[in-house]
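Peer 1: Mapping of the sequence shown onto the numbering used here: residues 1 to 617, in sequence order. For glycine and all other residues, C-beta sits at the position ideal for the given N, C-alpha and C.
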Amino acid sequence: MTNPFSKIRRAMAAHKLLSAILVIIIVGGLYYWIRHAATASAEPQYVLSVAHVGTLQQTVTGTGQVSASNQTDIPAQVSGTIESIDVKVGQHVAAGQLIATIDPTNAALALKNAQISLAKLIQPPKATDISNANANLDKDYNNGFNAASTIYLDLPNIVAGMKSLFYDQSGFLTDQQSSYLTPTARDMRMNAGKEYDNAVVEYQTALAEFQSLTRDSATTSLDKMMADTAAMQTDMAKAVSDAQNVIAYVTTYQPDYDPKGATTAATNISSWSSQANSDLSALISAQNSIQTDQNALTTLVNGADQYDVQASELAVQQAQQAYDNYFIRAPYAGLVGRIPVNVFSQASNGTVMATIIGDQNVADISLNEVDAAKVKAGQPVLVTFDAISGLDATGTVEEVDQVGTVTQGVVSYGVKIAINTQDSQIKPGMSVNVTIIVNQEDGVLLVPNSAIKTQGNTKYVQVLDQATVEAALNAMRGGAAGGTAGAGGSASSTRRFGQFGSTSPSQQALGSTTSYGTSTPSRGNSGPYGANRGNFILTISTSAAPQQVAVTTGDSDDTNTVILSGLTRGQFVITRTISSGSSGASSAPSIFSSIGARAGGNAGGGNRAFIRPGGGG
1 MTNPFSKIRR
11 AMAAHKLLSA
21 ILVIIIVGGL
31 YYWIRHAATA
41 SAEPQYVLSV
51 AHVGTLQQTV
61 TGTGQVSASN
71 QTDIPAQVSG
81 TIESIDVKVG
91 QHVAAGQLIA
101 TIDPTNAALA
111 LKNAQISLAK
121 LIQPPKATDI
131 SNANANLDKD
141 YNNGFNAAST
151 IYLDLPNIVA
161 GMKSLFYDQS
171 GFLTDQQSSY
181 LTPTARDMRM
191 NAGKEYDNAV
201 VEYQTALAEF
211 QSLTRDSATT
221 SLDKMMADTA
231 AMQTDMAKAV
241 SDAQNVIAYV
251 TTYQPDYDPK
261 GATTAATNIS
271 SWSSQANSDL
281 SALISAQNSI
291 QTDQNALTTL
301 VNGADQYDVQ
311 ASELAVQQAQ
321 QAYDNYFIRA
331 PYAGLVGRIP
341 VNVFSQASNG
351 TVMATIIGDQ
361 NVADISLNEV
371 DAAKVKAGQP
381 VLVTFDAISG
391 LDATGTVEEV
401 DQVGTVTQGV
411 VSYGVKIAIN
421 TQDSQIKPGM
431 SVNVTIIVNQ
441 EDGVLLVPNS
451 AIKTQGNTKY
461 VQVLDQATVE
471 AALNAMRGGA
481 AGGTAGAGGS
491 ASSTRRFGQF
501 GSTSPSQQAL
511 GSTTSYGTST
521 PSRGNSGPYG
531 ANRGNFILTI
541 STSAAPQQVA
551 VTTGDSDDTN
561 TVILSGLTRG
571 QFVITRTISS
581 GSSGASSAPS
591 IFSSIGARAG
601 GNAGGGNRAF
611 IRPGGGG
């Protein structure tokens with residue numbers, strides 16, 4: 001029987017060129033078909049993370065050394081007799097423990113007085129106090145009315161006398177006699193006369209106002225009357241004083257000018273001046289009393305002015321501080337090294353009362369100017385030691401240098417950290433590594449930093465909806481259960497699930513959207529002080545296009561960024577995109593690889609997903 005392959009070989013040998021062309025066409029067509037199928041079925045892969053609620057911590061790290069315990073001389077800040085010494089040399093004392101006392105008697109009295117003054121200022125008014133204040137005010141108005149009455153009783157005599165002085169024929173400063181005066185005296189007389197005439201006009205107006213009132217008139221009317229009367233009386237007293245100056249000038253420089261009339265005029269004008277000024281003083285005193293008692297009544301009814309209260313409170317604080325200075329206390333925990341004073345001896349400001357050797361270790365580190373600007377006293381610190389494996393100590397920032405040190409153009413600032421953990425293994429001089437928590441935000445929505453993208457001034461993330469992710473997970477689950485390739489996904493992918501590698505990965509990794517916001521992250525991703533930063537990473541392959549969502553971001557750390565708006569917890573955000581050509585692009589497809597494609601059960605298309613535990617998502 002003729003072998004058909006023998007015929008084919010003979011035909012190919014007879015037609016070598018045609019056979020070669022035919023083989024090339026078959027191989028090329030097969031290669032094109034495989035290449036086209038691979039390209040058509042290839043889909044981009046997305047590395048996803050989940051927007052989750054957690055804690056964001058911003059930290060500053062540094063290195064330094066443990067310093068020796070502090071040794072401090074405790075000086076007195078006041079003077080006085082040492083009343084007691086309350087510790088012994090070698091005794092361990094706590095921070096704030098009493099070391100010694102200087103007699104505080106005077107300071108205690110000053111503090112008590114300040115407290116009483118404040119209490120009186122802020123206490124509610126008593127009915128009797130208000131009644132007494134009103135009575136005092138009524139008395140003041142009565143005195144003011146009496147003072148005004150006295151003025152109007154005395155003024156007629158003064159006005160008449162001044163009129164006689166200037167206008168009577170025998171008056172000392174009449175027109176008839178003024179021709180004998182020197183030019184200076186005449187000018188002085190003219191000015192004094194004008195002031196008198198103006199004062200008389202004011203007097204007549206003020207008198208009419210006074211006569212229209214009684215003691216029981218409204219206080220506003222009485223206030224105005226007293227003010228007008230005081231102004232008038234001031235002008236009248238000025239006119240009398242100027243006339244007195246004219247008489248004094250004439251009798252001094254023109255002794256022959258009416259010597260007999262000069263004596264009488266000088267006596268009268270002196271009496272009028274005294275009377276006018278005395279009456280004016282009484283009225284002004286009454287007005288001042290009215291104002292003082294009116295303010296007191298207002299304060300009593302409405303309460304003290306807030307600034308007066310604040311000033312009184314400040315006085316109490318100052319008195320309290322002055323009192324506290326008489327009690328010498330340990331600035332920090334430690335041993336009493338020495339006590340160089342005795343009971344009943346005298347101490348003055350600056351006298352060393354005791355020496356304390358601290359038992360708290362301190363870490364001294366140096367930070368650059370950028371990091372130092374973020375650090376403040378009181379911030380928590382995590383401290384580790386190169387020489388002590390496994391010891392995680394805590395501490396607190398105690399102080400930050402305000403002046404930097406420049407070394408080769410680089411500015412650094414010293415930071416002192418109090419190590420709160422007491423451990424006998426910690427020794428001075430040991431190297432330390434510190435992590436200072438400069439900001440912590442709890443219960444915020446977080447996404448990985450790699451998910452944040454920027455376009456112009458807008459920040460956005462790319463998200464895939466839950467249906468797309470669930471389809472990929474279902475395809476993956478179907479491939480795992482069937483063990484063969486198909487439209488649903490890949491069977492071999494179940495071996496890559498890691499901690500999620502159960503028979504139902506979609507329930508673990510997907511579940512419901514809400515579950516991502518409430519699940520506890522992996523403790524392996526906790527930051528200092530147990531700040532949860534855990535998440536997991538989900539890798540899927542899908543032809544679905546991601547959605548671009550604009551977001552408003554807040555603070556960020558080395559791993560995560562706070563999302564203020566734009567996302568809700570549980571949404572899937574893309575942290576990385578793996579293009580269709582990069583996944584498995586290490587070797588090109590060939591005829592030989594395609595021959596065994598179905599044997600592995602991995603030729604199927606559709607969505608595919610791979611899940612692995614994530615860090616810091």
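#1: Roughly how many angstroms separate the alpha carbons of Leu118 and Ala315, rounded to a whole number?
#2: What's the gap between the Cα of Gln317 and the Cα of Lys112?
#3: If distances are taken between C-alpha atoms only, which option among Val463, Ser285, Ser241 and Ile452 comes closest to Lys194?
#4: Could you tell me whether the segment 448 to 457 touches the segment 396 to 405, using the rule of 3 or more Cβ pairs below 8 Å?
#5: Any idea what DSSP makes of Asp187, helix, strand or coil?
#6: Could you tell me if Met225 is buried or exposed, where buried requires 16 or more neighbouring beta carbons within 10 angstroms of its beta carbon?
#7: How many Å lie between Val27 and Pro44 at the Cα?
#8: Return helix, strand or coil for Ala363, following the three-state DSSP convention.
#9: Does DSSP put Ile578 in a helix, a strand or coil?
#10: Residues in the same chain with beta-carbon distance under 8 Å from Ala550, minus the five sequence neighbours each way, listed in chain order, please.
#11: For Tyr46, which option in Ser543, Thr559, Met430 and Ala282 has the closest C-alpha, if you only look at C-alpha atoms?
#12: Would you mind giving the Cβ-Cβ distance between Gln169 and Asp258, rounded to the nearest angstrom? I have them listed as a contact below 8 Å.
#13: In this structure, what does DSSP give as the bridge partners for Val93?
#14: Cβ atoms of Ala377 and Ser431: under 8 Å apart, would you say?
#15: Is it true that the segment 342 to 359 meets the segment 404 to 415, where meeting means three or more beta-carbon pairs spaced less than 8 Å apart?
#16: Would you tell me roughly how many angstroms separate the C-alpha atoms of Gly64 and Ala322, rounded to the nearest one?
#17: Do the segment 76 to 90 and the segment 334 to 348 meet, that is, are 3 or more Cβ pairs less than 8 Å apart?
#18: Which residue's Cα is closest to the Cα of Leu283: Thr128, Gln244 and Asn146?
#19: Less than 8 Å between the C-beta atoms of Ala94 and Ala354, yes or no?
#20: Given that a residue counts as buried once 16 or more other Cβ atoms are within 10 Å of its Cβ, and exposed if not, what is Asn268?
#21: Keeping to the same chain, check which residues put their C-beta closer than 8 Å to that of Ile130; ignore five residues upstream and five downstream.
#22: Determine contact between the segment 159 to 169 and the segment 190 to 209, defined as no fewer than three beta-carbon pairs at a distance below 8 Å.
#23: Which ranges does the alpha helix (DSSP H) cover as unbroken runs of at least 4 residues, wholly within the segment 202 to 284, from first to last along the chain?
#24: So, helix, strand or coil for Thr128, using DSSP?
#25: In whole angstroms, give me the CA-to-CA distance for Asn368 and Gly414.
#26: Per the contact definition of three or more C-beta pairs closer than 8 Å, is the segment 236 to 252 in contact with the segment 261 to 280?
#27: Looking at the unbroken beta strand (DSSP E) that takes in Leu111, where does it start and where does it end?
#28: Would Leu564 and Thr552 be called neighbours here (beta carbons separated by less than 8 Å)?
#29: With Ser49 as the anchor, note down where its beta strand (DSSP E) starts and where it stops.
#30: Less than 8 Å between the C-beta atoms of Phe572 and Val463, yes or no?
#31: Could you spell out where the alpha helix (DSSP H) holding Leu314 opens and where it closes?
#32: Measuring alpha carbon to alpha carbon, tell me which of Phe210, Asp138, Val201 and Ser179 ends up nearest Leu153.
#33: Can you list, in chain order, the residues of its chain with a C-beta nearer than 8 Å to that of Thr234? Leave out the 5 residues immediately preceding and following it.
#34: Using the three-state DSSP reduction, which class does Arg652 fall into: helix, strand or coil?
#35: Indicate the three-state DSSP secondary structure (helix, strand or coil) for Ile388 in the structure shown.
#36: Tell me, to the nearest whole angstrom, how far the beta carbon of Asp293 is from that of Asn142; I am working on the premise that it is less than 8 Å.
Peer 2: Taking the definition as stated:
#1: Between Leu118 and Ala315, the C-alpha separation is close to 9 Å.
#2: Each residue's Cα considered, the two are about 11 Å apart.
#3: Minimum Cα distance to Lys194 is reached at Ser241.
#4: Because the criterion of three Cβ pairs below 8 Å is not met, the segment 448 to 457 and the segment 396 to 405 do not touch.
#5: DSSP, reduced to helix, strand and coil, places Asp187 within a helical segment of the structure shown.
#6: Counting Cβ neighbours within 10 Å, Met225 comes out buried, since at least 16 surround it.
#7: Answer to the nearest angstrom: the Cα atoms are 29 Å apart.
#8: The answer is strand: DSSP assigns Ala363 an E or B state.
#9: Strand, per DSSP.
#10: Same-chain partners within the cutoff: Thr458, Lys459, Tyr460 and Gly566.
#11: That would be Ser543, whose Cα lies nearest to the Cα of Tyr46.
#12: With a beta-carbon spacing of about 13 Å, Gln169 and Asp258 fall beyond the 8 Å limit used to define contacts.
#13: Answer is Gly334.
#14: No, the Cβ-Cβ distance between Ser431 and Ala377 is not below 8 Å.
#15: Remark: fewer than three beta-carbon pairs, one from each stretch, lie closer than 8 Å, so the segment 342 to 359 and the segment 404 to 415 are not flagged as touching.
#16: Taking the Cα positions, Gly64 is about 39 Å away from Ala322.
#17: The answer is yes - the segment 334 to 348 touches the segment 76 to 90, with three or more Cβ pairs under 8 Å.
#18: When only C-alpha atoms are compared, the closest one is Asn146.
#19: Contact flag unset, no.
#20: Looking at its Cβ environment, which holds 16 or more other Cβ atoms inside 10 Å, Asn268 is buried.
#21: Same-chain partners within the cutoff: Leu297, Leu300 and Val301.
#22: In short, these stretches touch, since the Cβ pair count reaches three.
#23: 219 to 253, all fully within the segment 202 to 284.
#24: Thr128: helix per DSSP, three-state reduction.
#25: Those two C-alpha atoms are separated by around 9 Å.
#26: Between the segment 261 to 280 and the segment 236 to 252 there are three or more C-beta pairs closer than 8 Å, enough to call the two in contact.
#27: No beta strand (DSSP E) holds Leu111; the alpha helix (DSSP H) holding it covers Thr105 to Ile122.
#28: Contact flag set, yes.
#29: It spans Gln45 to Val50 - the beta strand (DSSP E) in which Ser49 sits, taken as one unbroken run.
#30: For Phe572 and Val463, yes; Cβs fall inside 8 Å.
#31: Taken as a continuous stretch (DSSP letters only), the alpha helix (DSSP H) holding Leu314 covers Gln306 to Asp324.
#32: Looking at Phe210, Asp138, Val201 and Ser179, the one whose alpha-carbon comes closest to that of Leu153 is Phe210.
#33: Shown here for Thr234: same chain residues with a beta carbon closer than 8 Å to its own, the five before and five after excluded, namely Leu280 in chain order.
#34: Outside the shown range of the chain, which is 1 to 617, sits residue 652, and nothing can be said about it.
#35: In the structure shown, Ile388 adopts coil according to DSSP, grouped into three states.
#36: Between Asp293 and Asn142 a beta carbon distance of about 12 Å is seen, past the 8 Å cut, so the two are scored as non-contacting.
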